[in-house]
Amino acid sequence: MSARYILSAMEFYQVAPDNPVYTIGRPLFDKAEIPLENGKTFRIITENNSKENKYVQEAFS
17 MSARYILSAM EFYQVAPDNP VYTIGRPLFD KAEIPLENGK TFRIITENNS KENKYVQEAF
77 S
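The opening position of the sequence shown corresponds to residue 17 in this note's numbering, with each subsequent residue numbered one higher.
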């Protein structure tokens, strides 16, 4: 699978190739983890993930 598809399925993708701004939305997965180079992990965790419950309520680091 391509990285672009994986990031799109997690609804985390870059708005424009030359701009490091990302957008988020309702992911296909309930949980996803991406290991980062600095040893940390980027986690996406959803609750009540459904077509009806499609809006992001909170994002934090």
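Glycine included, each C-beta is placed from N, C-alpha and C at the ideal position. Note that the structure is a prediction, hence the values are computed from the model and not measured.
{"Query": "Whole angstroms are fine: how far does the CA of Gly41 sit from the CA of Asn64?", "Result": "14 Å"}
{"Query": "Should Pro43 be labelled buried (16 or more other beta-carbon atoms within 10 Å of its own) or exposed?", "Result": "buried"}
{"Query": "Spatial neighbours of Val31 within its chain, please: CB distance less than 6 Å, with the 5 preceding and 5 following residues excluded, ordered by chain position.", "Result": "Val37, Thr39"}
{"Query": "Opposite Glu49 in the DSSP bridges: which residues?", "Result": "Arg59"}
{"Query": "By DSSP, does Asp75 sit in helix, in strand, or in coil?", "Result": "According to the sequence provided, residue 75 is Ala. The question's Asp does not apply to it. Three-state DSSP puts Ala75 in coil, outside helix and strand."}
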